[in-house]
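> Take a look at this one; I'll ask things after.
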């Protein structure tokens, strides 16, 4: 494929701007802020469109950055390409119109096959499918990691490893070519993530319920302790007055007995003395009668006092029984509530462990993912040799034989072989690192385009190269015979090309 013309009708700073391109190396020179990166972005947008980001990223995504300066409502452009002599025009409207993409076959270039320019153009009903075929079914992720090199981004990312794994596994003769292993892995990982999110929500819900029950149980336990203390204090308060009265009763009884015994003794002495010393019998008779009457009166009083003491010794009614019964009933009620909460907590713990088989689903999905990765790694080991050989050939030319072998494994780990030892990326210079990524990009592009020869689009890719490395890269590009579109702010690329031509 070759790009014949770019037409930036309304794109960024450009209005109705046409750029004709030729076979071979095209150098688009310009200083800073002249729009080189905008044109570079336009090529990608014409092939794959402009997808809008979401949230805060939407303010700085390509769609927003490339909005037309003069006419924001008219966001469109076109590109004319040729593939095997057939000329196609790609038209895109980026503002989400009713017909954002059209692909039209305009005819055949003279000298290609048996066809001449067609009198009527043909607009395809399925433009996305036709464009995909022209690109060799290369995805946008593969495109930007291979033949389309953004400014200051020679290195590849994880997306390239995924694309290479997909291609190699799907191209293996032991598998159905229609099986997209990368898509299968993505589907399994998506489903696993859904189950993990479900489990996380269930865990959070269970933990919240358990914490709530534990707090309720702790509150009831505290209430039980408080009621127990109140019951103990009430019983003590009711016993104390009774104990005090019981302590006073023996003392009062003893005191009364002493008084009565003293009176009886005094009466007896008085009666005896009068009877003994007095001679008048009338007086003696009177005193005898008086003593008898006194004794008759004192004895009942003595008995009455003893009865009162005995009555005081009898237990008084316990007016604290009613409060004690109330407190005991409250304590029993709290104990029953506490036991119910403990049972509910036990059930929650069991439910937390079960989780409706979610753990089993996650384990099964993990096993399936691991198995597919294991199989694809084995296939990658067989098919990856083609990529590594081609990348090594390119690197050997770029470095003049200083590095003769590069290995990219299924985990996207890169190792560089020299005649003396094997190196990691961190052990080589910045310039050599740029050459390694360039070689890997070019080799991967040849592999992923499925036989299509796509143009190479470079934006300031060689800015950090010294003159020796730059000349080696330009020689390789010229030798490849592919169309190259090189954006640069330096004049040395043109000067070197003129010299080596």
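Numbering (the numbering used here), first residue to last: 2 to 502.
In this text, a Cβ means the ideal position worked out from N, Cα and C, and glycines have one as well.
On a predicted model such as this, the values are computed, not experimentally measured, just so you know.
1. By the 10 Å Cβ neighbour count, where 16 or more other Cβ atoms means buried, how is residue 94 classified, buried or exposed?
2. DSSP on residue 431, reduced to helix/strand/coil?
3. Roughly how far, in whole angstroms, is the beta-carbon of residue 490 from the beta-carbon of residue 33, given that I think they are within contact range, below 8 Å?
4. Decide if residue 19 is buried, meaning its Cβ has at least 16 other Cβ atoms within 10 Å, or exposed.
5. Which residues does DSSP pair with residue 92 in a beta bridge?
6. Just to confirm my understanding: we take residue 124, look at its own chain, exclude 5 residues before and 5 after, and list those with CB closer than 7 Å. What are they?
7. Put residue 175 into one of helix, strand or coil per three-state DSSP.
8. Report yes or no: do the stretch 418-438 and the stretch 446-457 share at least 3 C-beta pairs separated by less than 8 Å?
9. Quick check on the DSSP output: the alpha helix (DSSP H) that includes residue 488 runs from which residue to which?
10. Determine contact between the stretch 357-369 and the stretch 398-409, defined as no fewer than three beta-carbon pairs at a distance below 8 Å.
11. To the nearest angstrom, how far is the alpha carbon of residue 199 from that of residue 338?
12. Could you name the residues of the same chain whose beta carbon sits closer than 7 Å to that of residue 26, not counting the 5 residues immediately before and after it, in chain order?
13. Just the C-alpha distance for residue 445 and residue 391, rounded to the nearest angstrom, thanks.
14. Thinking residue 77 and residue 43 are a contact (beta carbons under 8 Å), I'd like their distance in whole angstroms, please.
15. By Cβ distance, which residues of its chain are closer than 7 Å to residue 1, with the 5 residues on each side in sequence left out?
16. How many angstroms separate the CA atom of residue 30 from the CA atom of residue 370?
17. If you count every other CB in all the chains shown that lies within 10 Å of the CB of residue 47, and 16 or more means buried, which is it?
18. Since I believe residue 399 is in contact with residue 365 (beta carbons under 8 Å), could you give me their beta-carbon distance rounded to a whole number of angstroms?
19. Helix, strand or coil: which one does DSSP assign to residue 149?
20. Using the Cα positions of residue 336 and residue 216, report the straight-line distance between them to the nearest angstrom.
21. Is it right to say residue 209 is buried, meaning 16 or more other beta carbons lie within 10 angstroms of its own, or is it exposed?
22. Taking DSSP's pairing of strands, which residues face residue 416 in a bridge?
23. Alpha helix (DSSP H) containing residue 64: first to last residue?
24. Report the rounded CA-to-CA distance for residue 12 versus residue 461, giving the unit in angstroms.
25. Which residues in the same chain as residue 133 place their Cβ atom closer than 6 Å to its Cβ, once the five residues preceding and following it in sequence are excluded?
26. Could you have a look at residue 10 and say whether DSSP puts it in helix, strand or coil?
27. Could you tell me the boundaries of the beta strand (DSSP E) in which residue 454 lies?
28. What did DSSP end up calling residue 460 once you bin it into helix, strand or coil?
29. Counting C-beta neighbours from all protein chains within 10 Å, is the total for residue 81 16 or more, i.e. buried, or is it exposed?
30. Looking only at its own chain, which residues have a Cβ that is under 7 Å from the Cβ of residue 131, when we skip the five neighbours before and after it?
31. Taking the C-alpha atoms as reference points, what is the distance between residue 315 and residue 330?
32. Which residue comes first and which comes last in the alpha helix (DSSP H) that contains residue 129?
33. Mind checking residue 91: buried by the 16 CB within 10 Å criterion, or exposed?
34. Alpha carbon to alpha carbon, what distance is there between residue 473 and residue 496?
35. Rounded to whole angstroms, how far is the Cβ of residue 150 from the Cβ of residue 459, which I believe are closer than 8 Å?
36. Starting from the C-beta of residue 362, find all residues in its chain whose C-beta is less than 6 Å away, skip the five residues before and the five after it, and write them out in chain order.
From the atom records:
1. What you label residue 94 is simply residue 93 of the chain shown in a count that begins at 1. Buried, since its Cβ has 16 or more Cβ neighbours within 10 Å.
2. If you number the chain shown from 1, residue 431 lands on position 430. Residue 431 falls in the helix class under three-state DSSP.
3. Locating residue 490 in the chain shown gives position 489, counting from the first residue. Locating residue 33 in the chain shown gives position 32, counting from the first residue. The pair is a contact, with the Cβ atoms about 6 Å apart (cut-off 8 Å).
4. Position 18 of the chain shown, counted from the start, is the residue given in the question as residue 19. With fewer than 16 other Cβ atoms within 10 Å, it is exposed.
5. As a first step, residue 92 is located in the chain shown; it is residue number 91 there, counting from the start. For residue 92, which the question treats as bridged, DSSP gives the partners 79 and 103.
6. Your numbering for residue 124 matches position 123 in the chain shown. Only 103 and 105 meet the Cβ criterion.
7. Here residue 175 refers to the residue found at position 174 when the chain shown is read from its first residue. Residue placement at residue 175 is poorly supported in this model, since its pLDDT is 41, which falls under 50; the coordinates still yield a value, given next. Coil.
8. no
9. By 1-based counting over the chain shown, the position of residue 488 is 487. Residue range 485-489 is occupied by the beta strand (DSSP E) that includes residue 488, with no alpha helix (DSSP H) assigned at that position.
10. Too few Cβ pairs lie closer than 8 Å, so no.
11. Here residue 199 corresponds to residue number 198 of the chain shown, with the count starting at 1. Here residue 338 corresponds to residue number 337 of the chain shown, with the count starting at 1. Each residue's Cα considered, the two are about 32 Å apart.
12. As a working note, residue 26 is residue 25 in the chain shown. 478, 479, 485, 487 and 498.
13. Here residue 445 refers to the residue found at position 444 when the chain shown is read from its first residue. Here residue 391 refers to the residue found at position 390 when the chain shown is read from its first residue. So the two alpha carbons sit approximately 9 Å from each other.
14. Stepping through the chain shown from its first residue, residue 77 is reached at position 76. Stepping through the chain shown from its first residue, residue 43 is reached at position 42. Actually they do not touch by this definition, with Cβ atoms about 11 Å apart.
15. Beyond the ends of the chain as shown, which are 2 and 502, falls residue 1; an answer cannot be given.
16. Translated into the one-based positions of the chain shown, residue 30 becomes position 29. Translated into the one-based positions of the chain shown, residue 370 becomes position 369. Roughly 48 Å between the two C-alpha positions.
17. Position 46 of the chain shown, counted from the start, is the residue given in the question as residue 47. It counts as buried.
18. Counted from its first residue, the chain shown places residue 365 at position 364. Counted from its first residue, the chain shown places residue 399 at position 398. Not confirmed; about 47 Å, so no contact.
19. Residue numbering aside, residue 149 sits at position 148 when the chain shown is read from its first letter. Shown here, residue 149 sits in a strand according to DSSP, grouped into three states.
20. To locate residue 336, count along the chain shown from 1; it is residue 335. To locate residue 216, count along the chain shown from 1; it is residue 215. Here the C-alpha atom of residue 336 lies approximately 15 Å from the C-alpha atom of residue 216.
21. The residue labelled residue 209 in the question sits at position 208 within the chain shown. Label assigned to residue 209: exposed.
22. Counted from its first residue, the chain shown places residue 416 at position 415. Beta-bridge pairing links residue 416 to 408 and 425.
23. Locating residue 64 in the chain shown gives position 63, where the first residue counts as 1. First-last of the alpha helix (DSSP H) with residue 64: 63-66.
24. Sequence index remark: in the chain shown, residue 12 carries index 11 (1-based). Sequence index remark: in the chain shown, residue 461 carries index 460 (1-based). For residue 12 and residue 461, the distance between alpha carbons rounds to 21 Å.
25. As a position in the chain shown, residue 133 is number 132, starting the count at 1. Hits under 6 Å: none found.
26. The residue you call residue 10 lines up with position 9 of the chain shown. Residue 10: strand per DSSP, three-state reduction.
27. Within the chain shown, the letter at position 453 stands for residue 454. Unbroken run through residue 454: none, as it is neither H nor E.
28. On the chain shown, position 459 is the one that residue 460 refers to. Note: residue 460 maps to strand in three-state DSSP.
29. Taking the first residue of the chain shown as position 1, residue 81 is located at position 80. Buried.
30. Within the chain shown, numbered from 1, the residue matching residue 131 stands at position 130. Same-chain partners within the cutoff: 104 and 125.
31. Taking the first residue of the chain shown as position 1, residue 315 is located at position 314. Taking the first residue of the chain shown as position 1, residue 330 is located at position 329. Only weak support exists for where residue 315 lies, its pLDDT of 47 falling under 50; the value from the coordinates is given anyway. About 30 Å.
32. The sequence position of residue 129 within the chain shown is 128, counting from 1. Residues 128-135.
33. Within the chain shown, numbered from 1, the residue matching residue 91 stands at position 90. Using a 10 angstroms sphere on the CB of residue 91, the tally of other CB atoms reaches 16 or more, which defines it as buried.
34. For the purposes of this step, residue 496 is identified with residue 495 of the chain shown, where counting begins at 1. For the purposes of this step, residue 473 is identified with residue 472 of the chain shown, where counting begins at 1. For residue 496 and residue 473, the distance between alpha carbons rounds to 14 Å.
35. The residue given as residue 150 occupies position 149 in the chain shown. The residue given as residue 459 occupies position 458 in the chain shown. Between residue 459 and residue 150 the Cβ distance is about 5 Å, and since that is below 8 Å, they are a contact.
36. The sequence position of residue 362 within the chain shown is 361, counting from 1. Only 196 meet the Cβ criterion.
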